[in-house]
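This report refers to the structure that appears directly beneath it.
In the numbering used here, the protein residues as written are 283 to 816.
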């Protein structure tokens, strides 16, 4: 019986090896396509933003060590010793192995570092937001295709994970095939299969279990204040701490009492129910506002909160994987960026595969590279249009400089496939997927390809805009040496030709003189013969 049971694991391992290898290769292709235009374009974009790297207190999360995650990165702010106040790391300084050790010894467990996710370069990313080149151990050079490096660094271990299923198939808890689909789920921004419920608002949790099923109700009660300004020549006609109902007149012209004369039509009226608080020429009405959210919980799902517990917006209420779109809507862009990076790291670290954070950050940067226009204002955009974040910010800056009304937009989280097809280059998008649709849309809208990425330049036969500076210098040196060698060779050949030309010329002269003497001799002989005949 035990042997029969074990056969399932053996067959599962073989099937996974055969079926999942192609899936891993396809994931790598999508990663390459979404990042192929991410090239180091400048030294410093000048951003003041970054991302927080926090030491994980929960060892079960299996994240890389804190020191390893900050080594080779650029600090986005000055780091001081928490006790002595001494400056440990300056802003825009690289955190090397020694400084990382100093930070850890000082008891610092969080660092604000420059990141590709917050880089403000108009195209590609800057050197300081990327940090150290992992291949050379030095600061990354300009024109390095870090997007391709990121895609290969994530995709190649994914292939290893897939193939390793063959060796560990059937071992409970080590089924690696769940790892790769999870990575794909994150990078494609899909709704998780076992989706967790998260709180949308701050408040108190209430667990309800009745004939209608299990539910979690979050109730939020907050105190608000409504402000009113006393018009000139008027006086308040209510008392301090008086209970006010909506629509009650609050003031009357000076000299009039609330009941002795009709209230003017322009008198300020209370907009809410609450308690009045007088403060000179200003009146505040304090009132309580409540909000309520209710979530249905499946029968087999474990609830993480208890009845009466205070919860925060974005807090996980049940077991499962959180939908990244929910995190973006509730907590914002920075929170969903950090969530995706940490979740991908957990998958790889759980199998003993180490990937540097910056590779995942480059992918996440591309997933959040677009915004959707809410109100276009005076810009050239239209409502609901999907535009690049940098193009949106540049257009708004231009409109503000002209004194116009800027557009408003919200961040959009796209999967890597959709992000690849939404790129500004229609050549690159057409070479990826849905060629007919992409080319049709490009022709209808009259799109222009600026040829800033790698694929589009390869397609039309141009030199790619990526190179290694040291390689370029070496090529220039070789080219110069080749030119000098060619010049010397040409000079030697010209000397040989000149000398050979002199010999040829002398021979011609000698030949000419000889032929001329022969002609004279022949003429003399003919004249002598003719005279003899006569």
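Ideal placement from N, C-alpha and C gives every residue a C-beta, glycine not left out. Keep in mind it's a predicted model, so treat the numbers as computed, not measured.
Q: Could you tell me if residue 420 is buried or exposed, where buried requires 16 or more neighbouring beta carbons within 10 angstroms of its beta carbon?
A: exposed
(Q) For the segment 602 to 613 against the segment 484 to 501, do three or more pairs of beta-carbon atoms, one drawn from each stretch, fall closer than 8 Å, so that the two count as touching? (A) no
Q: Starting from residue 513, follow the beta strand (DSSP E) in both directions and report where the run begins and ends.
A: Residue 513 -> no beta strand (DSSP E), and no H or E assigned at all.
Q) Taking DSSP as the reference, what is the three-state secondary structure of residue 595? A) coil
Q) Any heavy atom of the ligand ZN closer than 7 Å to the CB of residue 610? A) The ligand ZN is absent from the structure shown, which contains no ligands of any kind.
Q. Could you give the distance in angstroms between the alpha-carbon of residue 384 and the alpha-carbon of residue 336?
A. 16 Å
Q. Between which two residues does the alpha helix (DSSP H) harbouring residue 560 extend?
A. Where residue 560 is concerned, there is no enclosing alpha helix (DSSP H), although the beta strand (DSSP E) it sits in stretches over 556 to 561.
Q: Could you spell out the range, first to last residue, of the beta strand (DSSP E) harbouring residue 702?
A: Where residue 702 is concerned, there is no enclosing beta strand (DSSP E), although the alpha helix (DSSP H) it sits in stretches over 698 to 703.
Q) Distance, Cα to Cα, residue 650 vs residue 695? A) 5 Å
Q: Following the continuous alpha helix (DSSP H) through residue 349, name the residue where it begins and the one where it ends.
A: 348 to 352
Q.
So if DSSP puts residue 657 in a beta bridge, which residue, or which two residues, is it bridged to?
A. 690
Q: Specify, as a first and last residue, the run of the alpha helix (DSSP H) that residue 621 falls within.
A: 615 to 631
(Q) Using the Cβ count rule (16 or more neighbours within 10 Å means buried), how would you classify residue 433? (A) buried
Q. Buried or exposed: residue 295, going by 16 or more other Cβ atoms within 10 Å of its Cβ?
A. buried
Q) Pairing CB atoms from the segment 624 to 635 with CB atoms from the segment 406 to 423, are three or more of them under 8 Å? A) no
(Q) What residue range does the beta strand (DSSP E) around residue 488 cover? (A) 485 to 492
Q) According to DSSP, is residue 652 helix, strand or coil? A) strand
Q.
For residue 418, list the residues DSSP reports as bridge partners.
A. DSSP output for residue 418 lists no bridge partner at all.
Q.
Just to confirm my understanding: we take residue 672, look at its own chain, exclude 5 residues before and 5 after, and list those with CB closer than 7 Å. What are they?
A. 404
Q.
Within a Cβ cutoff of 7 Å, which residues of the same chain sit near residue 398, ignoring the five residues on either side of it in sequence?
A. 407, 411, 412, 640, 643, 644 and 647
Q. Between residue 745 and residue 577, what straight-line distance do the alpha-carbon atoms span, to the nearest angstrom?
A. 56 Å
Q | 7 Å Cβ shell around residue 344 - same chain, five flanking residues per side excluded | A | 628, 631 and 632
Q | Complete runs of the alpha helix (DSSP H) confined to the segment 328 to 388 [at least 4 residues] | A | 348 to 352 and 379 to 387
Q) Under a three-way DSSP split, which group does residue 468 fall into? A) helix
Q) Would you say residue 562 and residue 526 are within 8 Å of each other, going by their C-beta atoms? A) no
Q: Using the Cα positions of residue 289 and residue 303, report the straight-line distance between them to the nearest angstrom.
A: 21 Å
Q: Evaluate residue 587 with the Cβ neighbour count: other Cβ atoms within 10 Å of its Cβ, from every protein chain shown; 16 or more gives buried, anything less gives exposed.
A: buried
Q: Would you mind stating whether residue 626 and residue 468 have Cβ atoms separated by less than 8 Å?
A: yes
Q. Hey, residue 356 and residue 311: beta-carbon distance below 8 Å or not?
A. no
Q) Roughly how many angstroms separate the alpha carbons of residue 492 and residue 498, rounded to a whole number? A) 12 Å
Q: Please confirm whether residue 765 and residue 318 have their CB atoms less than 8 Å apart.
A: no
Q: For residue 504, write down the residues that DSSP places opposite it in a beta bridge.
A: 571
**Q.** Proximity below 8 Å, CB of residue 364 to CB of residue 390
**A.** yes
(Q) Taking only three categories from DSSP, how would you classify residue 477? (A) strand
Q. In chain order, what residues of the same chain have a beta carbon less than 6 Å from the beta carbon of residue 473, not counting five sequence neighbours either side?
A. 605
Q | Whole-Å CB distance - residue 523 paired with residue 558, under 8 Å assumed | A | 7 Å
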